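*Asks:* Encoded as structure tokens, here's the structure I'll be asking about.
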Amino acid sequence: MTQPDGTPDEVLQLRSARAKLDNIKTELEEAREEQARIEDKINGLLAQQREARKERNDAVLAADAAKIPRLTISKEVGMQRSNVYKLLEDGNPSDS
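Residue numbers (the numbering used here): 912 to 1007.
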């Protein structure tokens, strides 16, 4: 069939298919850009977390050297006591 403007239905179907694919392609590009921004944010936060854990571990070691009870240290830094003890005993910090 042909539309009133003389355009065959098959051409309209082709245009529709192209428009659908173009829209999907645009949305996909936007999603990839958003994903890249999120990955950058995650990487930045992970770097901050590593630094904060290092600072926390240094503070735990300093508190232990100042004879602060290990239970108090554990409670104040929010670490499990076993992880605090492991850090203090063999210097192998946990990522908790």
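C-beta atoms are modelled at their ideal positions from N, C-alpha and C, and glycine is treated no differently.
Since we're looking at a predicted model, the values are computed, not measured.
Beta carbon of arginine 964, beta carbon of arginine 981: below 8 Å?
*Replies:* no
*Asks:* Kindly list the residues whose CB is nearer than 6 Å to the CB of isoleucine 984, restricted to its own chain and excluding five residues on each side of it in sequence; keep chain order.
*Replies:* Non-local C-beta neighbours of isoleucine 984 in its own chain, meaning closer than 6 Å and more than five positions away in sequence, comprise Val971, Ala974, Val995, ordered along the chain.
*Asks:* What's the gap between the Cα of lysine 986 and the Cα of glutamate 1000?
*Replies:* 18 Å
*Asks:* Measuring from the CB of aspartate 969, is there a heavy atom of the ligand HEM at a distance below 7 Å?
*Replies:* What this structure holds is no ligand at all, so the ligand HEM is not there to describe.
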